[in-house]
Amino acid sequence: MFLLIFLAGCTPPLGAPRLGPLDGQVIASEGTSSGIQTFTTREREIFRDGTGLMAARPAIVQRGGARAYAVLTNVRRRAPNAPAVRLMATGTQLLPYERHDRLYTHCIDGCQKAEVGAIRLTEDQFIAAAKNGLPLIVEGRMQSYAGSVPAGAFARVLAAAEAQRGSDPPPIAPRGDLVFEGPVPEP
Numbered sequence: 048m049f050l051l052i053f054l055a056g057c058t059p060p061l062g063a064p065r066l067g068p069l070d071g072q073v074i075a076s077e078g079t080s081s082g083i084q085t086f087t088t089r090e091r092e093i094f095r096d097g098t099g100l101m102a103a104r105p106a107i108v109q110r111g112g113a114r115a116y117a118v119l120t121n122v123r124r125r126a127p128n129a130p131a132v133r134l135m136a137t138g139t140q141l142l143p144y145e146r147h148d149r150l151y152t153h154c155i156d157g158c159q160k161a162e163v164g165a166i167r168l169t170e171d172q173f174i175a176a177a178k179n180g181l182p183l184i185v186e187g188r189m190q191s192y193a194g195s196v197p198a199g200a201f202a203r204v205l206a207a208a209e210a211q212r213g214s215d216p217p218p219i220a221p222r223g224d225l226v227f228e229g230p231v232p233e234p
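Laid out in structure tokens, this is it:
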């Protein structure tokens with residue numbers, strides 16, 4: 048009986064939105080001054096072996112009718128050498144990958160060396176991934192990784208972004224207090 052009462056306290060109030068399991072949630076945010084909307088999911092591990100791990104998540108960034116589509120990646124190694132991604136592909140098609148940073152992460156019991164970045168996708172590629180998933184092949188300097196980002200993650204992100212597409216804020220008005228005459232002062 049105590050367990051039932053305890054679990055009842057964890058349920059949302061009647062009429063509140065039910066977001067589903069954590070793995071199925073879409074994380075949505077909007078910049079307060081920019082109005083840029085971002086939709087993504089939690090990172091999902093798509094590859095793991097004795098020395099390497101790769102996690103990925105789809106993302107859409109939109110504002111004023113313009114959209115950008117991507118898969119955010121986190122490649123980690125538990126070996127002496129840090130990951131150094133040389134290329135990413137799906138099947139035989141090379142994907143445009145951009146490294147954002149190389150850092151130490153997950154410092155709970157010793158840090159792991161990581162490379163985080165983004166794979167830019169077209170709208171058609173993102174929609175196809177929402178139906179079929181996105182198998183990835185990653186070639187690194189010391190290791191190769193292969194995994195698949197599930198179709199459901201793309202579909203949930205796409206549905207959330209579509210639901211908010213009409214609610215874009217008006218364009219940002221230029222601020223008069225940021226106009227400089229002459230050379231820009233140095234900090």
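First residue of the sequence shown: 48, per my numbering; consecutive thereafter. Here a beta-carbon is modelled for each residue, glycine too, at the ideal position from N, C-alpha and C.
- Taken atom to atom, the span from the alpha-carbon of V163 to that of E145 is near 9 angstroms.
- N128 carries a coil assignment under DSSP once its states are collapsed to helix, strand and coil.
- The DSSP-derived three-state label of R91 is strand.
- Between the alpha carbons of P197 and P127 lies a gap of roughly 30 angstroms.
- Distance from the CA of L205 to the CA of A176, rounded to the nearest whole angstrom, comes to 10 angstroms.
- Taking Q72 as reference, the option from E209, R89, G82 and S80 with the minimal CA-CA separation is R89.
- Under the three-pair Cβ rule at 8 angstroms, the region 81-95 does not count as touching the region 132-143.
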